[in-house]
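One structure is given below, encoded as structure tokens.
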Amino acid sequence: MSVNVMIVGVGGQGTLLASRVLGNAVLKKGFDVKVSEVHGMSQRGGSVVTYVRFGDRVYSPIIGKGEADYIISFELLEAARYVSFLKPGGQIIVNSQRIDPMPVITGAAEYPEGIVEKLKESGAQVDELDALSLARDAGSQKAVNIVLMGRFSRYLPDIAKDEWIRAVEECVPEKFRELNLKAFEAGFAS
Amino acid sequence: MKELMLGNKAVARGLYEAGVCVASSYPGTPSTETTEEAAKYPEIYCEWAPNEKVALETAYGACLAGRRSYCAMKHVGLNVAADPLYTISYTGVNAGLVIAVADDPGMHSSQNEQDSRHHAIASKLPMVEPADSEEAYSYVKKAYELSEEYDTPVLLRLCTRIAHCQSSVETGEREEIPPRPYVKDAGKYVMVPANARKRHPFVEERTKKLIGYAENCEFNRVEKGKGNIGVITSGTCYQYVKEVFGDDVSVLKLGLVNPLPVKLIRDFAGSVEKVFVIEELDPVIENHVRALGIEVTGKDLFPLVDEFSQTLVAEKMGCEATPSCKAIEGLPGRPPALCPGCPHRGLFYTLSKNKLRVLGDIGCYTLSSAPPLSAMDTTECMGASVSSIHGFNKATDNESSHDTVAVIGDSTFMHSGMTGLANIAYNRSNSTVIILDNSITGMTGHQQNPTTGFNLRGEPAGKIDLEALCRAMGINRVRVVDPYDLTATENAVLEELKADEPSVIISRRPCVLLKQVKHLPPVSIDPEKCRGCRSCMRIGCPAISFRDGKASIDSTLCVGCGVCTQLCRFDAFSVPEGGRG
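Residue numbers (the numbering used here), protein chains in the order written: chain A, 1 to 190; chain B, 191 to 771.
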């Protein structure tokens, strides 16, 4: 058995760093871990997804439809896009931020309304938070990723808070350490 | 110590421990980080070469000089390096030489989905394919032993889900390998026909020996399972098979994917009732198994296109579908786009506005092919824009030269655009070539190149002067514009299109994601003044959206480049102090 976490968002929002923090935190617990990322073209404002899987033995680096226990979404529309990867009754942690994709900007499509309700109708447990505001309050809107990891950490009681903090410290550059620890705390306490 | 490592970082660790001294590569997703991570070890000299052919020849030279060497590229890069590849197969090596080639099934960041195993077969070189980071690390070390023992370069095949997946690696220590003396040996290294004729039988003999090696080597293994089904597989597909079936099927996992074993496969097939071959892209293993007269299910069941997953393997093998949350239909897509503040935007807006024919190339700027800019007619491979515009203009007797441009990035120009420009200068077409000089190799994640003045480690290096280079090649009309200045950009483009001789426009401004590029305060739109005409939205900036009949700026995305402000006829933009507009 493995725990399957998808981290989804918009290229540039810092999903890679979030997946590395999670990967490091669970590796320290002695789990087998795989973290799958996509670099290159899809980082330029496109829809991005990283997969984090951990357990006694993890084979596939990716997560299939219906296999995710958790989806951490950095943006509303992206949560909707990937919800079918979630197990029935699985948990979505979603940042309430809205970022218009190019088809919406050009007027070719509308940004869907009522996404949180739609997520619930599709069978997901939804935990919505304004991670952008929390990140700003912590000192930088770029820390949305760590705020969300702070919130998500509450769903994995096996990993103690100080173990999370150690993983954050190891994954971020020294000069941003204080900011990110503040962001983690903000997400954790929210 | 166990460490979570990207597959590419694990490759670099393997290089370090194998005592590699020289690495020369050209960046290409998903291979790039192998060389970047290797550069973190001071023991390994690492560089970005101008293209893959140069990189491979450099690494080859280093191996001749007696040092273990390395070269990396993406799958299409191996086409560029194919020329030396096929002949160094004949010469063999002195010290070990490993060439990494990263395939991209699913085309996450590529223009085609070619299967590099065909190059291994055609060039008659051994190829190993790891299935996770631990194997990426250990295979590299073994590959150097194989290279030296069998006097052959060894190909290391990676793919996106190995290169860009992190899993744990147990690392060791570096082995210092003394340099092998270089000995002049024309029969081995001078591939004139008389010598090459003698080397070709050596290559065929080597392949025979390697097949023998493949029968019983550490790269290949049988995992006996419970049922009567046997699956032959390699790389990521192995992981998908294990994910779905665990120990319920027997698996022949091939780590040496060229040459393939014979007896091992026959024995495995004989031990089960039904044989499946599960491999991404082309039926390479399958064709080999069929040629042995073994009945097998492969591409009659599995697709030739796209990357696989456990979901696909389960579905094709007749397993029950996994229940899931219901999909939400009708969502707008989110294709990648030029970044807010991207210097390419102003140039492509100009090309789009003037409805020009644009022959494109490989780089971030390919993103301008999407609406609303829709400013690209073609994209094939590195350098093709510059060569193709010459052919296009020749075919129309230069009539098309007044509404056609070629666009190419600085790094791509150095890679293989220069030779196309030489053809324009030499065989004279009135072509207009625009070099998009953003002072970096952007798409692959900011690698230095010969025009940036810095080397892979970020130290000052030789710097090629693009203007002087183009002039020296015989182009008289060479000019530089700032693509943030829409008027100047448009004037330059229209003037050069009119000229009855070749011209080069260098559209110069550093990539907005570079650390040294200072972002200016975001601009804003006064909703009272905005008439909702959407003029500012024609540039396709992700920071501008349309809400309640008015344009608005997302201040979290805007970097204050000021391109949009030049399009407003109603003076609706306000530019903060210190901003640009």
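Glycine residues also receive a C-beta, built at the ideal position from the N, C-alpha and C atoms.
Using a Cβ distance threshold of 8 Å, Gly187 of chain A and Val126 of chain A do not count as a contacting pair.
The beta carbons of Lys464 of chain B and Ile419 of chain B sit closer together than 8 Å. When the five nearest sequence neighbours on each side are left out, the beta carbons in the same chain lying within less than 7 Å of the beta carbon of Cys509 of chain B are those of Val434, in order along the chain.
Scanning the stretch 343-374 of chain B from its first residue to its last, the whole beta strand (DSSP E) runs of 3-plus residues come out as 344-349, 355-360. Inclusion of Ser499 of chain B and Glu469 of chain B in the CB contact set at 8 Å is not warranted, their separation being larger than that value. Taking CB atoms only, Arg166 of chain A has no neighbour in chain B less than 8 Å away. With a cutoff of 8 Å on beta-carbon distance, Ala79 of chain A and Val8 of chain A are scored as near each other. Below the 8 Å Cβ cutoff, chain A contributes no neighbours of Ala228 of chain B, its closest Cβ being approximately 17 Å away. Boundaries of the beta strand (DSSP E) around Ile93 of chain A: 86-95. Among the residues of chain A, those whose CB is under 7 Å from the CB of Tyr430 of chain B are Ser60, following chain order.
For the 8 Å CB-CB criterion, Leu205 of chain B and Ala239 of chain B do not form a contact. Here Ser47 of chain A is not near Lys65 of chain A, since their CB atoms are 8 Å or more apart. For the pair of segments examined, the stretch 242-257 of chain B was found to touch the stretch 269-286 of chain B: the number of CB pairs separated by less than 8 Å reaches three. When C-alpha distances from Val344 of chain B are compared across B:Pro220, B:Ser313, B:Ala585, B:Gly730, the shortest belongs to B:Ser313.
Closest by C-alpha distance to Val683 of chain B, out of B:His636, B:Lys545, B:Glu365, B:Val210, is B:Lys545. Judged by DSSP in its simplified three-state form, Phe538 of chain B adopts helix. The beta carbon of Asn241 of chain B sits closer than 7 Å to those of Tyr216, Val270, His605, Ser606, all from its chain and outside the five residues before and after it, given in chain order. The closest CA to that of Asp744 of chain B, considering only A:Gln97, A:Arg57, A:Asn4, is found on A:Gln97. Here the alpha carbons of Ser357 of chain B and Arg669 of chain B stand approximately 49 Å from one another. Only those residues of the stretch 266-288 of chain B whose C-beta falls short of 8 Å from the nearest C-beta of chain A would be listed, and there are none. In the DSSP annotation of this structure, Leu450 of chain B is not part of any beta strand (DSSP E), being labelled neither H nor E. Measuring C-alpha to C-alpha distances from Glu193 of chain B to each of B:Leu268, B:Gly722, B:Thr361 identifies B:Thr361 as the nearest. Ser577 of chain B sits away from Gly553 of chain B, with the two beta carbons spaced by 8 Å or more.
Annotated three-state conformation of Gln500 of chain B is helix, per DSSP. Proximity of Lys118 of chain A to chain B, defined by a Cβ-Cβ separation below 8 Å, is satisfied. For Asp438 of chain B, the number of other beta carbons within 10 angstroms of its own is below 16, and it is reported as exposed. Gln637 of chain B is bridged by DSSP to B:Thr631. The shortest CA-to-CA distance from Val21 of chain A to any of A:Ser36, A:Lys161, A:Glu170, A:Glu67 is the one to A:Glu170. Taking C-beta atoms as the reference points, Pro88 of chain A and Ser514 of chain B count as a pair closer than 8 Å. Contacts with chain B (Cβ-Cβ distance below 8 Å) from the stretch 59-85 of chain A involve Tyr59, Ser60, Pro61, Ile62, Gly64, Lys65, Gly66, Glu67, Leu77, Glu78, Ala80, Arg81, Val83, Ser84, Phe85, listed in chain order. Ser714 of chain B is bridged by DSSP to B:Ser764.
By the C-beta density criterion, Ala585 of chain B is exposed, having fewer than 16 other C-beta atoms within 10 angstroms. If you draw a 10 Å sphere on the C-beta of Pro712 of chain B, you find 16 or more other C-beta atoms in it, and that means buried. About 41 Å separates the CB atoms of Ile367 of chain B and Gly488 of chain B; that is not less than 8 Å, and the two are not in contact. Residues Ile422, Leu442, His478, Val479, Leu482, Ile484 of the same chain have their beta carbon placed closer than 8 Å to that of Ile455 of chain B, with the five preceding and five following residues left out of the count. With a threshold of 8 Å between beta carbons, Gln141 of chain A makes contact with chain B.
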